[in-house]
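Here the structure comes first, spelled out in structure tokens, and everything after it is commentary.
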């Protein structure tokens, strides 16, 4: 059996350098964010930009659509790029765009990003009334076409309701255990349980605000958290979703945080004193360092199969089961 | 060898009745127009409407994307629906939309519709300065991704230049010989030669304004025209593109003719006294009557293989060679 290496969330300032680092790190597939606040037409412009990169760097990357593309990536020595949205803004108020965007390659969509959306509540809202009327319809449509529900930035009640309403497994593509690092975005046990108990998956994040001791977090501490999650919920439900935001200028953090919804700056997990991206932990600078995580997982006591699952095989299995129409 | 029946142009007021008539007529594939003047977003709305029909009538129709879908249609007793545009309006001023729309299923695009477009000149313009700067770039991109150039409503010089510039065969999906019926939209010999000599195809139209004696045209006269074209240019370059506009109200003829580009009505091939669709010839009412054309072709002297080519196998071969990326 081939062991695949998959990172299920990145939003870098893409360049040939980064695509080469993916190859150096032996990363077979990356789920990349192509929309934070973009509407449909703007999302299509982002797809057009990716099409240009696929044309310019055919030896390094190609558009991934199905689990079989992960094998194709390995066979051809390239990285398969899978598209996802951190917000349902690309579908606007039009349920017909779910199928259209799946056809264009979208494979993950968050039902909300920090704020209330048309579908669900975000994790920064004071109140969480749960999945909306449109949200229930869209969950059904996402299930039908094979667009995976991602609740990484959603509030707890909305997340648990989404897991219940969805007939197919859902995900938190990038977050850590709240019990390990009590960041607002990290997930409490009842949320992790709701996501994983029906076959769902969670990806562990390397975003420093989600790490214990932030940029100073040790590899051992990170792997201990994974061991704890595996013990509680089963190692097969976890993988990596690094949230790598490599080479992004601070203006992009600002776009992620306020889009067009506010004239006032909102620092999210940062602050006025530290508005940008915090430095990455030294053992995970970028795509070249997945080997460090793999070594850390073995060190902490995971066996070879569990480690291979966490490094990519679990996401690969999830892709195979959840990207195709019902 | 299976003989396929393909109609390479229809724009009906789609309904379950019409889909059932496709089955009754044994039509394996239909190229349907999904844009006349629509911009990108409006075209996507039309795709969404087709997605609903595919969901509602899965036993009658499905979305056709490749030549292999014609075989799949035959095997499953359904009709494969291929998308096309009669105008480049869906790509707006954005060459990146060529690949996006091909991904969404577009397989034919006219470079102009009656008027000057951003790419080429339409057949109703007084002057035809040929393919534009953007037109040259878009032809290259259409060749690259496998979106077929259709010059049905374009002016002669633009058509001949497109045939020369394109590295892949081009089409006139729906028109007849000008020498048989001198309608503005019918094609002169030099145009037919330019289209067919590099492997291109032309589909014969049943639109009464393009027929000799219009609605009173006889089946024999229609088949004689086909025999003449076959003799002059080779039978393998021809098929049917009926231009069937079944059940459309006059308001749709008006939309086709003036879209949003004029406040004054333009009657095209009609007139103030007869602004709507003329009645179809009695031997071709709708999809149920392809058998009449097939019988007429045998009657006029085409052998079994030539007849099968004209009824669909030629288009099938063309689909196989021209819908995939270079």
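Protein chains in written order, with this note's numbering: chain S, 395 to 720; chain G, 395 to 720.
Note that the Cβ used here is the ideal one computed from N, Cα and C, for glycine as well.
- Counting only unbroken stretches of 3 or more residues, the beta strand (DSSP E) elements lying wholly within the segment 460-531 of chain G are 473-479 and 500-504, in sequence order.
- Our two residues, residue 693(G) and residue 701(G), have alpha carbons roughly 10 Å apart in a direct line.
- The beta carbons of residue 497(G) and residue 495(S) sit no closer together than 9 Å.
- The DSSP assignment places complete beta strand (DSSP E) segments of no fewer than 3 residues inside the segment 524-577 of chain S at 542-544, in order along the chain.
- With a minimum length of 3 residues, the unbroken runs of beta strand (DSSP E) contained wholly in the segment 617-665 of chain S fall at 632-634.
- With fewer than 16 other Cβ atoms inside 10 Å of its own Cβ, residue 658(G) counts as exposed.
- In this model, residue 422(G) and residue 619(S) are separated by some 57 Å (Cα to Cα).
- The secondary-structure analysis by DSSP pairs residue 425(S) across a beta bridge with 476(S).
- Taking 8 Å as the upper bound for CB-CB distance, residue 585(S) and residue 554(S) are in contact here, some 6 Å apart.
- Residue 509(G) has a beta carbon lying at 9 Å or more from every beta carbon in chain S.
- Shown here, residue 457(S) sits in a strand according to DSSP, grouped into three states.
- Interface annotation, residue 497(S): in contact with chain G, CB-CB separation under 9 Å.
- The continuous alpha helix (DSSP H) containing residue 690(G) extends over residues 684-694.
- The continuous beta strand (DSSP E) containing residue 598(S) extends over residues 595-598.
- Closer than 9 Å at the C-beta level to chain G, one finds these residues of the segment 422-454 of chain S: 434, 435, 438, 439, 441, 442, 443, 445, 446 and 449.
- Counting C-beta pairs closer than 8 Å gives fewer than three between the segment 556-575 of chain G and the segment 645-660 of chain G, which falls short of the contact rule.
- A direct Cα-Cα distance of roughly 8 Å separates residue 436(S) from residue 484(S).
- The bridge partners DSSP lists for residue 401(G) are 424(G).
- Within the same chain, 473 and 681 come within 6 Å of residue 416(S) by CB-CB distance, once the 5 residues on both sides are set aside.
- According to the DSSP assignment, residue 440(S) belongs to the alpha helix (DSSP H) that extends over 434-450.
- In the same chain as residue 609(G), and ignoring 5 residues on each side of it, the C-beta atoms closer than 8 Å to its own belong to 602, 672, 673, 674 and 675, in chain order.
- Under the Cβ criterion of 9 Å, residue 494(S) is counted among the residues facing chain G.
- Under the three-state reduction of DSSP, residue 606(G) is assigned to coil, being neither helix nor strand.
- Pairing residue 505(S) with residue 556(S) gives a Cβ-Cβ distance under 9 Å.
- Taking 9 Å as the cut-off, the beta carbon of residue 706(G) is found closer than this to the beta carbon of residue 634(G).
- Its Cα nearest to that of residue 514(S), the residue 532(S) stands out among 502(S), 445(S), 532(S) and 582(S).
- At the C-beta level, residue 683(S) and residue 419(S) come within 9 Å of one another.
- Residue 611(S) and residue 717(S) have their C-alpha atoms roughly 34 Å apart.
- Residue contact with chain G for residue 491(S): present (Cβ-Cβ distance below 9 Å to some residue of chain G).
- Taking 8 Å as the upper bound for CB-CB distance, residue 433(G) and residue 486(G) are in contact here, some 6 Å apart.
- Just so you know, the alpha carbons of residue 572(G) and residue 617(G) end up roughly 15 Å apart.
- Within the same chain, 559 come within 7 Å of residue 530(G) by CB-CB distance, once the 5 residues on both sides are set aside.
- According to DSSP, residue pairing for residue 581(S) in a beta bridge involves 571(S).
- Taking each of 545(G), 638(G), 444(G) and 507(G) in turn and checking the Cα distance to residue 588(G), the smallest one comes out for 545(G).
- Comparing alpha carbon positions, the residue from 457(G), 469(G) and 426(G) closest to residue 502(G) is 426(G).
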